[in-house]
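Number of protein chains: 2
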Amino acid sequence: MSSIQKAACIGGGVIGGAWAARFVLAGIDVDMYDPHPEAERIVGEVLGNAERAYAMLTMAPLPPRGKITFCKSIKEAVEGADWIQESVPERLELKRNVITQIDAATDPQALIGSSTSGLMPTDLQRDMKHPERFFVAHPYNPVYLLPLAELVGGQKTSPETLKAAQEKLAPIGMKGVILKKEIEAFVGDRLLEAVWREGLWLIHDDICDTETLDDVIRYSFGMRWAQMGLFETYRIAGGEAGMRHFLAQFGPCLSWPWTKLTDVVDLDDALIDKIAAQSDAQSGARGIRELERIRDENLVGIMQALKAGDGGQGWGAGKILAEFEKHLWVQGGGAKKEPDFSAPLRLLDTKVGAAWVDYNGHMTEYRYLQVFADTADMLLRLIGVDFAYVEAGHSYYTVETHIRHLGEAKLGQKLYSTLQVLSSDDKRLRFFTTIYNAETNEALATAEQLMLHVDSKAGKSVAAPFDVLAKLKPIAEAHAKLPIPEGVGRSVGQKR
Amino acid sequence: MSSIQKAACIGGGVIGGAWAARFVLAGIDVDMYDPHPEAERIVGEVLGNAERAYAMLTMAPLPPRGKITFCKSIKEAVEGADWIQESVPERLELKRNVITQIDAATDPQALIGSSTSGLMPTDLQRDMKHPERFFVAHPYNPVYLLPLAELVGGQKTSPETLKAAQEKLAPIGMKGVILKKEIEAFVGDRLLEAVWREGLWLIHDDICDTETLDDVIRYSFGMRWAQMGLFETYRIAGGEAGMRHFLAQFGPCLSWPWTKLTDVVDLDDALIDKIAAQSDAQSGARGIRELERIRDENLVGIMQALKAGDGGQGWGAGKILAEFEKHLWVQGGGAKKEPDFSAPLRLLDTKVGAAWVDYNGHMTEYRYLQVFADTADMLLRLIGVDFAYVEAGHSYYTVETHIRHLGEAKLGQKLYSTLQVLSSDDKRLRFFTTIYNAETNEALATAEQLMLHVDSKAGKSVAAPFDVLAKLKPIAEAHAKLPIPEGVGRSVGQKR
């Protein structure tokens, strides 16, 4: 995948900050310019949310974080950047002015994207010297989780620019969809505005309140649209007879006076008061930060669920996530400092997420094994058994596991795990893993596991290749000098 | 929760059949009337999809399935029913006629709901003798998974009827939302129609194709709406300043010519051809059955993800699922035949779902432990350690586990598990669980586990009460006569 080498963010509010988070978590350095006195604080908060979300989202090895530098001018920020993202307030004159300054200060090869949610790219690129590399890249909040960027070119944008932008978004986990023509508000905000206008009428006319309207959406078509959108959902509704049948069946409604959209509601003080009061009744018990946290956890859970879709291939945003993770695995987490083999290896830092706890808030039994398995995966990557190796047809499979539970972990608890190699030969690898409470260093659970190196197509164990054994050797030799941990060799219920 | 005792479904297409599936899977008998010659086949197919979905959706003990009886007349079908659901084709005269017949044939106390997606309840109840117990209960496809029913009363509907309907939907896992006033198409279809009209313009004007439009939805606000809907999402967008700020900021767009909804597109042959061709290009590689399967798996995954939301409390549809499951646990699966203790207990039948496999399609290591843990839960329920028992402050906790992997399971593989009690005293319970391939009876994995009875508040082991030990005793005594399974007492890597 063609990657961004260095990014610049002009405008560092919620949107610009979340772009910056996307970039730095994918290992890309960002130079940021925003004259707002609070910019550094806002970007820091957004980055904090993004890091928290990514820790729940993926076990793939994130590269070392890129660096954010706050610059004193647009010129300073864009220097050396090959992707510049403009996210200043939504006023045509302001945006056009900023984009023209960016254009003048950068290499003509650099891509320049605008986060505008509605302005036409032709209007924005009017005064540029190199307008062919300018486009709209309209993201959705929270930008660090939702993968969509609508890519829209203006009259002077080259088709190659849009293709290049699409390619460069993939390695940061985003899906650039290219629109055929520019219109104000593009596609997503057109659809949202239609629902918004109809929704305002429903509240205005007292058909329902805001909470009921939200319930209607989230208990029904919201969950259909999270995975399939409008047309594919209706294709299924049409049954075996297909889309034509659906259109024939539901077409007549178009001529019925079902929506009030032929008229536009007057958003006067009375309607604003009504909506604000209903919204307070619906959501006011929780602060915005809490709602953001819940939203992000839900989005993570939905994306992980979709990652398992279509027989494990991934579906919708889950497929984008799977591709992002594959990219991260292949990339292998980048250059990290050489681990120290003179003690059990600390391989994993994680946190008990919402999907890991039972109704009492305790970490569920099988999630411990998930952490043990993820820890073992980290060891395997360390000795060259990475994604490419497994895809080429060999791997290590677990054949036997012994687990002891020594303590409890609750929702939000930070954990880390260490691994000590106990014994190994050309086929066998036996090791001991411990999960710790990261605050107290108390051991919560231990596992002794035995793995065999296998030819996964033939389905039988075979000797590991020289390369892998060579990487394993210094670890095994160093760990052989360590004391054997208490608990090794136990059978279930054995007296101490 | 106030429960439906017996249901009648008048009309057995995709919607009526899915209502029937909701009822029978919640243990309610259904009498069905539909003169269509294919009705029995269609209902059977929908029920098959629903059973497949529920097997993935929940580990809670479903009650013994209700019975579906196909009747020869409306009169025969509605006899003795306390909930009658009408789902005949969407024509006012036909529906009114059917509803009037239902009314005449039933006890005046029975609730009568209509599945209409747009007709006004006042128009439908016009000729009824007991119109006060009639309402619209508008569900969304697939009815067996999506929890929403819009409850809408007509001029003659009593408020008590809507409350009673809401109460009776909860034990079948549905959320009835009550609208304040009737309008054609209610709330959900109003919003859908607004998006549909705007979407048709976007395709008509070649701004994008159907696939791009769907991608825009599913990679962005679709995932937001699956959990929160419109107003709560915008509340977050307003930030700490709240809903008023959001309204002030985005209100002006209402006066911009952003949507074309002031006009309605002509759905002529050219536009139908365009949409059908684009939809074929987008989704034609997969049949409708395959798309349905993928949709249901995704919905299951999304609901399970949302069940873990809000710190494990459940959020949105996940909270509805959690409440449904709690109801099932408390209900305890109803009367089942006495298990046979003279062999290891077959406690669980399941299937390898999409969320359980790695990218190779193999069941992931930690999901085996999930099946072992779920099997142990079934044993615990058998001896009275059920939801209420655990909530009251005592439980059995796993302290030690030994797992052997003997084979592999792939996506879709049917599995079952058996459990043999090895030893027990007043605090300790040691047992041996085996997971089998349900087609070949090959053992895929075994676990030996030790549990301790605990006071979960005090966090220490205590003797189990007499009741629990008394239920455990006959199982333990019968299993003591069985041979000790091969593998018991092993430590990791021990020679056979």
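Protein chains in written order, with my numbering: chain A, 8 to 503; chain B, 8 to 503. We put the beta carbon where it would ideally sit given N, CA and C, even for glycine. On a predicted model such as this, the values are computed, not experimentally measured, just so you know.
- Within its own chain, the residues whose Cβ lies closer than 8 angstroms to the Cβ of Asp130(A), once the five positions on either side in sequence are excluded, are Leu99, Arg103, Gly161, listed in chain order.
- Residue environment for Ser121(B): buried (at least 16 other C-beta atoms within 10 angstroms of its C-beta).
- In this structure, Leu476(A) lies near Asp433(A), with their beta-carbon atoms less than 8 angstroms apart.
- The bridge partners DSSP lists for Phe379(B) come to none.
- In its chain, beyond the 5 residues on either side, Met310, Lys314 have a beta carbon closer than 6 angstroms to the beta carbon of Leu328(B).
- Put simply, of Asp89(A), Gln420(A), Leu298(A) the residue whose alpha carbon is nearest the alpha carbon of Phe238(B) is Leu298(A).
- At a cut-off of 8 angstroms between beta carbons, Lys467(A) makes no contact with chain B.
- Secondary structure of Arg353(A) (DSSP, three-state): strand.
- Of all residues in the stretch 400 to 411 of chain B, only Tyr404, Thr405, Val406, Glu407, Thr408, His409, Ile410, Arg411 place a beta-carbon less than 8 angstroms from a beta-carbon of chain A.
- The C-alpha of Gln420(B) is placed about 22 angstroms away from the C-alpha of Asp462(A).
- Within 10 angstroms of the beta-carbon of Leu101(A) lie fewer than 16 other beta-carbons, which makes it exposed.
- In this chain, Trp363(B) is not harboured by any alpha helix (DSSP H), its DSSP state being neither H nor E.
- With respect to the 8 angstroms criterion, His412(A) and Thr441(B) are not classified as neighbours on the basis of their beta carbons.
- Interface residue (Cβ-Cβ distance to chain A less than 8 angstroms): Leu313(B) is classified as such.
- The residue among Asp212(A), Pro146(A), Gly229(A), Gly34(A) with its C-alpha nearest the C-alpha of Arg72(A) is Gly34(A).
- Following the DSSP letters along the chain, one finds Met458(A) inside the beta strand (DSSP E) bounded by residues 450 to 462.
- For the pair Ala350(A) and Gln427(A), the Cα-to-Cα distance works out to about 8 angstroms.
- For Asp221(B), the neighbours in chain A by C-beta distance under 7 angstroms run, in chain order, Met235, Gly236, Leu237, Phe238, Glu239.
- Contiguous alpha helix (DSSP H) elements confined to the stretch 149 to 181 of chain A occur at 166 to 176, taking only those with 4 or more residues.
- Taken through DSSP and simplified to helix, strand or coil, Ile491(B) comes out as coil.
- A direct Cα-to-Cα measurement between Gly245(B) and Asp212(A) gives close to 24 angstroms.
- Think of a sphere of 9 angstroms around the beta carbon of Gln289(B): the chain A residues whose beta carbon falls inside it are Phe238, Glu239, Arg242, in chain order.
- For Met127(A), the three-state secondary structure derived from DSSP is coil.
- Interface with chain B (8 angstroms Cβ-Cβ cutoff): Gln173(A) is excluded.
- Counting only residues of its own chain and dropping the five nearest sequence neighbours on each side, Ala192(A) has a CB closer than 6 angstroms to the CB of Gly125.
- With a beta-carbon spacing of about 3 angstroms, Ala25(A) and Val150(A) fall inside the 8 angstroms limit used to define contacts.
- Taking 8 angstroms as the threshold, the shortest C-beta distance from Gln377(B) to chain A falls below it.
- For Ser165(A), same chain residues with a beta-carbon under 8 angstroms away, outside a window of 5 residues either side, are Glu139, Arg140 in chain order.
- Within 7 angstroms of the CB of Trp322(B), the CB atoms of chain A belong to Ile301, Asn305, in sequence order along the chain.
- Of all residues in the stretch 323 to 334 of chain B, only Gly323, Ala324, Gly325, Ile327, Ala329, Lys333 come within less than 9 angstroms of chain A when Cβ atoms are compared, listed by chain position.
- Taken atom to atom, the span from the alpha-carbon of Ala380(A) to that of Lys480(A) is near 21 angstroms.
- Within chain A, the C-beta atoms nearer than 7 angstroms to that of Val184(B) come from Thr219, Asp222, Val223, in chain order.
- At least one beta carbon of chain A lies nearer than 8 angstroms to the beta carbon of Asn148(B).
- Taking a C-beta distance under 8 angstroms as the contact criterion, Leu158(A) and Leu186(A) qualify as a contact pair.
- Assigned with DSSP and collapsed to three states, Ile106(B) falls in helix.
- For Thr357(B), same chain residues with a beta-carbon under 6 angstroms away, outside a window of 5 residues either side, are Leu422 in chain order.
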